[in-house]
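Chains as they are written, first to last, in my numbering: chain Y, 1 to 300; chain W, 1 to 300. Note that CB positions come from ideal geometry on N, CA and C, so glycine has one too. Here the structure is a predicted model, which means the values were calculated and not measured. The structure appears below as structure tokens.
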DNA sequence: CACTCTTACGGCACCCGTAAGAATC
DNA sequence: GATTCTTACGGGTGCCGTAAGAGTG
């Protein structure tokens with residue numbers, strides 16, 4: 001008897017091209033997944049993977065099965081979704097969050113997701129964009145919300161919000177100056193995130209496009225720490241406008257205009273293109289619906 | 001976790017409108033089927049059957065699910081069929097066969113089916129057409145091969161062969177006469193099958209349409225016995241041309257012409273319209289392919 | 001009282017995870 | 001030797017069938 005479990009195991013093993021990752025995604029031991037696939041092969045009377053090499057690759061039969069497996073799983077998901085609705089989203093969801101999103105959007109999203117999908121267990125992983133993309137592609141993460149769209153073809157990047165960045169400095173550092181001239185930029189230390197972060201990548205592009213030179217460069221992988229460094233007068237940095245507002249209000253930082261203005265950064269929802277699970281679809285819808293990168297009020 | 005077993009149980013229970021019949025069709029105890037459905041209901045978070053009455057009827061949610069369940073099962077069947085092919089047809093198949101088909105087509109069909117589908121266990125039930133139709137509709141039989149098409153809307157009747165019937169008599173009974181005149185017909189006993197059989201129904205229509213009168217009527221539900229009665233000179237009967245040939249060759253019977261000629265009887269493959277199983281589809285294809293109602297050679 | 005479905009329960013089969021093995025690079 | 005998948009095996013969950021129960025007409 002054919003079971004959905006078997007087809008699911010095959011689908012993810014084929015999609016991720018790795019039994020261990022597929023097992024992880026299905027919250028299953030790798031050995032069990034292997035057996036499910038072996039069972040499916042015996043059901044269908046032919047091998048779906050060629051095990052002769054170091055790693056398993058799809059046989060022609062396996063390639064033929066893949067689209068059919070996708071269709072079957074999607075049909076099953078549609079069935080559940082249309083009748084059970086939101087209650088169908090359950091289990092564990094591992095997702096990545098960029099630094100900025102982690103400090104602004106994440107708490108609100110988690111709160112909302114917990115309410116809409118009470119059966120869902122969320123596991124957010126905060127890291128830099130590049131690292132998150134890698135883990136989404138490998139299947140370790142179900143999706144990620146990061147700055148900038150990915151260049152990876154295996155991932156789909158859905159823009160969900162534009163965030164305006166502005167230059168920030170400690171009042172003592174810039175005195176009365178409120179405009180960032182090229183000279184000023186060259187004389188001050190600029191604090192950014194590591195190049196693996198989407199925001200820093202975009203910033204580098206901006207520098208390059210405008211032929212700007214920076215003075216000292218200081219990289220820190222923690223946005224809150226960067227803000228602290230800015231307030232302490234170590235250097236200037238660019239921060240989300242909404243995120244900076246409370247600091248400005250408290251007189252701990254001032255905004256510097258620049259010409260041209262800093263680029264508006266697009267944050268994207270990224271997931272594997274071949275990930276057809278309702279979990280991803282539903283959470284994507286939830287993310288798109290709830291896109292506010294300003295600070296939660298209680299932190300302001 | 002949704003399983004195909006659950007959906008299958010629901011689909012047949014809803015289609016047959018009876019848990020016990022559905023259980024029989026799935027070779028399952030009625031209690032297990034009941035539990036599978038209860039499990040599905042808890043999965044989906046709503047009742048699919050309204051149990052308040054004497055028998056369960058679909059709730060609106062159940063009605064919404066039915067087409068989706070059909071689609072899911074069909075998708076799963078397609079998957080198996082396209083990869084496993086003939087090997088996917090297995091299990092037990094209960095089917096009905098009319099008298100004529102039982103003595104001519106059945107042995108050959110069974111032999112062929114056993115060869116094409118080695119994993120399939122066949123359970124032929126020989127009976128009269130009407131009775132078989134009832135049992136197909138109720139779900140006790142998977143399909144039937146009988147004379148005439150059914151008037152039951154729940155059944156699909158696919159014509160598979162036309163069989164020419166001719167009048168047969170013992171040589172001693174008719175002397176040199178080889179033509180069946182209305183007078184001769186009225187003076188002889190006519191041996192037919194009971195009215196529940198398709199062939200007898202068609203014959204009655206023929207009589208009525210031509211304003212013929214018959215003399216004594218003798219009904220027997222066994223075709224071989226009828227042939228024996230004819231050979232013994234008890235009366236005349238109509239038998240399939242090909243089936244009669246060996247008797248004529250041995251001089252035990254002669255063919256009588258009639259004007260108009262006896263109707264050509266269409267045999268049909270009958271199954272429930274909503275029966276989407278590959279088993280039925282495949283065997284239907286096999287039946288259509290192999291339609292020879294002549295006697296197996298070893299019996300001639 | 002006949003019919004249809006549900007509940008209770010003992011038993012067994014299946015599936016899972018741990019751990020060790022085999023094969024490739 | 002690291003990685004990837006398979007095999008072996010003990011343990012537990014879940015599903016099945018029998019049998020009794022509940023509710024309807």
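In this structure, the beta-carbon distance from residue 8 of chain W to residue 66 of chain W does not fall below 9 angstroms. Chain order gives the chain Y residues near residue 3 of chain W as 3, 4, 5, where near means a beta carbon separation below 9 angstroms. The way I'd put it, the segment 104-111 of chain Y doesn't touch the segment 94-113 of chain W; fewer than three beta-carbon pairs between them come closer than 8 angstroms. Not one beta carbon of chain W lies nearer than 9 angstroms to the beta carbon of residue 58 of chain Y. Within the segment 55-80 of chain W, those residues whose Cβ lies closer than 8 angstroms to any Cβ of chain Y are, in chain order, 61, 64, 65, 68, 69, 71, 72, 75, 76, 78, 79, 80. In the DSSP assignment, residue 96 of chain Y falls within the unbroken beta strand (DSSP E) covering 91-97. Shortest Cα-Cα distance from residue 261 of chain W to any of W:171, W:241, W:270, W:132 involves W:241. For residue 30 of chain W, the closest Cβ of chain Y is not nearer than 9 angstroms. Around the beta carbon of residue 31 of chain W, fewer than 16 other beta carbons lie within 10 angstroms, which makes this residue exposed.
At a beta-carbon threshold of 9 angstroms, the residues of chain W lying near residue 82 of chain Y are 64, 65, 68, ordered along the chain. Distance from the Cα of residue 180 of chain Y is smallest, within the candidate group Y:193, Y:204, Y:214, Y:159, for Y:214.
Listed by position along chain W, the residues whose Cβ is nearer than 7 angstroms to that of residue 87 of chain Y are 45. In this structure, the alpha-carbon of residue 149 of chain W lies about 44 angstroms from that of residue 85 of chain Y. Straight-line spacing of the CA atoms in residue 69 of chain W and residue 10 of chain W works out to 8 angstroms. Counting only runs that start and end inside the segment 5-34 of chain Y, the alpha helix (DSSP H) elements of at least 4 residues fall at 19-25.
Between the alpha carbons of residue 251 of chain W and residue 284 of chain W lies a gap of roughly 37 angstroms. Assignment of beta strand (DSSP E) within the segment 124-180 of chain Y, counting only whole runs of 3 or more residues, yields 143-147, 155-169 in chain order. Shown here, residue 217 of chain W sits in a strand according to DSSP, grouped into three states. Counting only residues of its own chain and dropping the five nearest sequence neighbours on each side, residue 116 of chain Y has a CB closer than 7 angstroms to the CB of 86, 286. Closest by C-alpha distance to residue 145 of chain Y, out of Y:139, Y:127, Y:154, is Y:127. Annotated three-state conformation of residue 281 of chain W is helix, per DSSP. Counting only residues of its own chain and dropping the five nearest sequence neighbours on each side, residue 152 of chain W has a CB closer than 8 angstroms to the CB of 133, 137. Between residue 254 of chain Y and residue 174 of chain Y a beta carbon distance of about 7 angstroms is seen, short of the 8 angstroms cut, so the two are scored as contacting. Around the beta carbon of residue 202 of chain W, a 10 Å sphere encloses 16 or more other beta carbons of the protein chains shown; the residue is thus reported as buried. Take the alpha-carbon of residue 90 of chain Y and the one of residue 50 of chain W: they are about 27 angstroms apart.
In this structure, DSSP gives residue 122 of chain Y an extended state, which the three-state scheme calls strand.
For residue 270 of chain W, the uninterrupted beta strand (DSSP E) segment begins and ends at 264-272.
In the structure shown, the three-state DSSP call for residue 3 of chain Y is coil. Rounded to the nearest whole angstrom, the CA to CA distance from residue 167 of chain Y to residue 76 of chain Y is 50 angstroms. Short of 6 angstroms from the beta carbon of residue 101 of chain W, and not among the five residues preceding or following it, lie these beta carbons of its own chain, in chain order: 145. Of the other Cβ atoms in all chains shown, fewer than 16 fall within 10 Å of the Cβ of residue 204 of chain W; this residue is therefore exposed.
Buried is the label assigned to residue 198 of chain W, since at least 16 other Cβ atoms lie within 10 Å of its Cβ. By the criterion of at least three beta-carbon pairs nearer than 8 angstroms, the segment 181-198 of chain Y is in contact with the segment 217-225 of chain Y. Under the three-state reduction of DSSP output, residue 255 of chain W falls in the strand class. Looking from the CA of residue 121 of chain Y, the closest CA among Y:105, Y:88, Y:130 belongs to Y:88.
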